[in-house]
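Asks: In the order they appear, the protein sequences are chains U and A. Residue numbers are given in numbering that gives the first Met the number 0: position 43 of the first sequence equals residue 42, and the series is strictly consecutive. Residue numbers are given in numbering that gives the first Met the number 0: position 148 of the second sequence equals residue 147, and the series is strictly consecutive. Ideal Cβ positions, reconstructed from N, Cα and C, are used throughout, including at glycine.
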Amino acid sequence: MRFAFSQDQLALAEGVGAVLDDRCPPSVVRSVWNGEQEPAQQLWLRLADIGLLGALVPEADGGLGLTELDIVLCLEESGRAAVPVPLVETAVVAARLLAGSPQAERLPAVVDGELRVSVALDGSGLLPWSGFWNWALVGDGKAVYLVPAPECPVEPVSAVDRARPMAELVGMPVEAWPSADRYLLSDDPRRIALARQSGTLATAAQLIGLAERMLSMTVHYVKQRQQFGVPIGSFQALKHALANALLAVEMARPLVHAAAWAHVQDTTSAGRDVAAAKIRAGEAAGRVARTALQCHGGMGYTQESDLHLWLKRTWALQASWGQPGELRADIARALGIQSLGSGGRND
Amino acid sequence: MDLTYSAREEQFRQEARTWLQVNVPAQPLPSGDTRSGFAEHLHWERHLFQAGWSVVSWPREYGGRDADLWQWLIFEEEYYRAGAPQRVTQNGIFLLAPTLFQFGTEEQRDRILPRMAAADDLWCQAWSEPGAGSDLAGLISRATRDDAAGGWLLNGQKTWSTRGAFCTHAFGLFRSAAPADSERQRHRGLTYFMVPLDAPGVTVRGFSRLDGDEGFADLFFSDVFVPDRDVLGAVHDGWRVAMATTGSERGLTLRSPGRFRASFERLCDLARSRPGGVTERLADRLVSSWLDVEAYARYTEQTVTRIVDGVELGAQSSLNKLHWSELDISLHELALELLGPQAVLDGPWTKGYQFSLSGPIYAGTNEIQRDIAAERLLGLPRSR
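1. For Met216 of chain U, which three-state DSSP category applies?
2. Name, going along the chain, the residues of the segment 319-338 of chain A whose beta-carbon falls closer than 7 Å to a beta-carbon of chain U.
3. Looking only at its chain, what residues have a beta carbon closer than 8 Å to the beta carbon of Asp187 of chain U, apart from the 5 residues adjacent to it on each side?
4. When you check each C-beta in the segment 291-318 of chain A against every C-beta of chain U, which residues fall closer than 9 Å?
5. Nearest-angstrom Cα distance between Pro38 of chain U and Met0 of chain U?
6. Relative to chain A, which residues along the segment 273-306 of chain U have a C-beta separation below 7 Å, given in chain order?
7. Taking Ala93 of chain U as the reference, give the member of U:Ser77, U:Val56, U:Pro127 and U:Gln223 with the closest Cα.
8. Is the distance from the Cβ of Lys141 of chain U to the Cβ of Ala203 of chain U below 8 Å?
9. Which residues of chain A have a Cβ atom closer than 9 Å to the Cβ of Met213 of chain U, listed in chain order?
10. On the CB-based measure, 16 or more other CB atoms within 10 Å of its CB, does His168 of chain A come out buried or exposed?
11. I'd like to confirm something about His307 of chain U: is its beta-carbon nearer than 7 Å to some heavy atom of the ligand FAD, or not?
12. Closer than 7 Å, Cβ to any Cβ of chain A: which residues of the segment 310-339 of chain U, in chain order?
13. In chain U, which residues lie less than 8 Å from Ser382 of chain A when you measure between Cβ atoms?
14. With a threshold of 8 Å between beta carbons, is Gly378 of chain A in contact with chain U?
15. Measure the Cβ-Cβ separation of Gly379 of chain A and Leu337 of chain A and say whether it is below 8 Å.
16. Along the chain, which unbroken stretches of the alpha helix (DSSP H) at least 4 residues long are found entirely within the segment 230-317 of chain U?
17. If the cut is a Cβ gap below 8 Å, which residues of chain A does Lys222 of chain U touch?
18. In the DSSP assignment, find the unbroken alpha helix (DSSP H) run with Ser77 of chain U in it and report its ends.
19. May I ask you to list the residues that DSSP assigns as paired with Met115 of chain A?
20. Quick one: does Ala242 of chain U have its CB under 8 Å from some CB of chain A?
21. Pairing CB atoms from the segment 184-203 of chain A with CB atoms from the segment 224-231 of chain A, are three or more of them under 8 Å?
22. With 8 Å as the limit, tell me which residues of the segment 15-28 of chain A have their beta carbon closer than that to any beta carbon of chain U; keep them in chain order.
23. Starting from Lys157 of chain A, trace the beta strand (DSSP E) in both directions and tell me its first and last residue.
24. Mapping DSSP to helix, strand and coil, what is Leu312 of chain A?
25. Could you tell me which of U:Gln225, U:Trp132 and U:Pro101 sits nearest to Val84 of chain U, measuring between CA atoms?
26. In the DSSP assignment, find the unbroken beta strand (DSSP E) run with His168 of chain A in it and report its ends.
27. In chain U, which residues lie with their C-beta within 9 Å of the C-beta of Thr364 of chain A?
28. Check whether the Cβ of Leu2 of chain A lies closer than 8 Å to any Cβ atom in chain U.
29. State buried or exposed for Asp272 of chain U, treating a residue as buried only when at least 16 other CB atoms are found within 10 Å of its CB.
30. Just reading off the beta strand (DSSP E) that Arg204 of chain A is part of, what are its end residues?
31. Step through the CB atoms of chain A and report whether any lies within less than 8 Å of the CB of Glu75 of chain U.
32. Hey, is Phe2 of chain U's beta-carbon within less than 8 Å of any beta-carbon in chain A?
33. Using a Cβ cut-off of 8 Å, which residues of the segment 68-90 of chain A contact any Cβ in chain U, in chain order?
34. Would you report the Cα separation of Leu376 of chain A and Ala162 of chain U, rounded to the nearest angstrom?
35. Could you check whether Ala135 of chain U and Leu126 of chain U sit closer than 8 Å to each other, using their CB atoms as the reference points?
36. Any idea what DSSP makes of Cys23 of chain U, helix, strand or coil?
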């Protein structure tokens, strides 16, 4: 038993964190919020340069051949920076589904950043990252397709997190499209489930990063904000609220790391563990978001504060890649708890 | 990262499991926090000791098995899984012993530890006083130097001493030098003593806890002589020595994840036996409980890895304590709901619920723990 990351894994995350500090300050997130994509494009190319986009792509296809466990800390860093680009969708989910697929020749395009993928696999038909993606990974539950943007009929919709702008697919189901066969990626239920599991895990990691960033922003704020002649961070009510927020993050993070390990090992409990990670990371980020806003008071209740960018990304990711309700039902099934329900007993 | 146990560790688990299967009493013992129940638990403790399972993490020379932290976690998991009796000796073996290993002299270790492991000497705490609970450094029980006799005279009152009415010895802090004027200096001038409760001048008065058991005691000291050899650590340095113990108490040693895993399994058994099954809402609360237990188990595995790597736990142990104390209550609250009308009756869950409510109070209240987490982990300003 050893629950710790290797030096290589830690060093990789540190390197990614430094790049994001440099290339993804709040102003970059805000520029996407304001409808300007150029800084995001620059960030994307930089992420390609450092190899992150191709991290999961096999070495034979020009990638690094790493695993989700190797990059889970990098994904936390990407959450900390609230990256306004489809990192999870492209570098994790598309990379996993492309390998060994009829479209595997597109893997080098993942590595060099040419492929920018949006994903709608949850039945909502909602595609994130409008204005940025050039391919869409869409599915109807039985099969998934990677479709070029010009052949993907969408309409813009207004998103809560405008730094992750949304569009809605029109004209599903996909297999009805005349060109669908050309774009088939997989119709293997297990491969599709594993790719979705990767996306859920990666999103859980981003939620941890978002939570950490909101917590550190808030700690910084309450130390310097003075009321009644003292820093408000000296008031026990705020200290305890922040201690509870910290506790939520500290207790959620090991679940995410353990889930990454289980996912990569493909253990029998991996699905359950990834569900647990997403639930608790989402809850922790939600708790931190509320506490952060409350501690910022009126100063935080405005779009002029950077905090709002992190709040809205938190809400967006809580609702994406697995809803708490369905994930909790998955866990109940895995534990055999749902069969205790009165419905089951009466049979 | 490798979240599996090695073959050697699994073999250790098998050995523990086999022994426990054969030896754990089929009928649960009466509460060890009553006089008669305590006596029955002592039989069990001595049985554990004779088989070498009473202090698995201690060195062999003192009656242990040299188990590392991972093996200790495995043992705890098996112990609670088997439904084995509560450890009435725990305050000695989990609180005093780690302090002796860290600060004791060889003479003290040789004299005290083997008798503790064998449950010949039974140790209770003498920390809190009626006027010094959360504010432990405000304690006023005195230790007065007696040079001629080569020791100290203790005077004062200690309280909330768990199982103090049934124990033979106590360990705790006494003020050996006047507190300095400065607020930051008041932790100095305290000394850590170990004292037999049959020493002349000691009076013990048991009193009931919330659940009615005589689990608490007041300890009154009136010119009780303690020789120098029973001072643990340096004179006037008791605060530092004691903090090592309280760190141990609210950290890993008292609350292994195995306890909560076992509680969760029993909760599922309770749900299965419930007439009419459980509602969707109760099933969902079971999922929440499982998430809490799983989170704590993973957090503990991460923490143990850090300790094995030589990282000091420090203020992080406050987070540990916050989580398990709240977890213990929520598991019992769910049990009460599953019990339905039966929850008006005395039983293991209703009694356990009352005990769980002490979790956020003892070993430093959760309010103190949140202060520690906010100040030392988040770096917020001190406000006391």
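Replies: So, to answer that:
1. Looking at Met216 of chain U - three-state DSSP - the assignment turns out to be helix.
2. Leu321 and His322
3. none
4. If you check each beta-carbon in the segment 291-318 of chain A against every beta-carbon of chain U, the ones closer than 9 Å belong to Asp291, Glu293, Ala294, Tyr295, Ala296, Arg297, Tyr298, Thr299, Glu300, Gln301, Thr302, Val303, Thr304, Arg305, Val307, Asp308, Gln315, Ser317 and Leu318.
5. 43 Å
6. Ala275, Ile278 and Arg279
7. U:Val56
8. no
9. Within 9 Å Cβ-Cβ: nothing; Met213 of chain U doesn't reach chain A, min ~13 Å.
10. buried
11. The model depicted lacks the ligand FAD and carries no ligand whatsoever.
12. Cβ contacts with chain A: Arg327, Ile330, Ala331, Leu334, Ile336, Gln337 and Leu339.
13. Around Ser382 of chain A, the beta-carbon contacts reaching into chain U at under 8 Å are Ser233, Phe234, Gln235 and Lys238.
14. yes
15. It is worth fixing the name first, because residue 379 of chain A is Leu in this sequence and not Gly. Against a cut-off of 8 Å, the Cβ pair of Leu337 of chain A and Leu379 of chain A comes out as no contact.
16. 235-264, 269-295 and 306-317
17. Gly378, Leu379 and Pro380
18. Glu67 to Arg79 is the extent of the alpha helix (DSSP H) around Ser77 of chain U.
19. In the DSSP output, where bridge partners are listed per residue, Met115 of chain A has none listed.
20. yes
21. yes
22. none
23. Gly150 to Lys157
24. When DSSP states are grouped into helix, strand and coil, Leu312 of chain A belongs to the coil group.
25. U:Trp132
26. His168 to Arg174
27. What Thr364 of chain A touches in chain U: nothing, since even the nearest Cβ is about 12 Å away.
28. yes
29. When all chains shown are included, Asp272 of chain U counts as buried.
30. Val201 to Phe206
31. no
32. yes
33. Trp69
34. Leu376 of chain A and Ala162 of chain U have their alpha carbons spaced roughly 32 Å apart.
35. For Leu126 of chain U and Ala135 of chain U, yes; Cβs fall inside 8 Å.
36. Look at Cys23 of chain U here: in three-state DSSP terms it is coil, with no helix or strand label.
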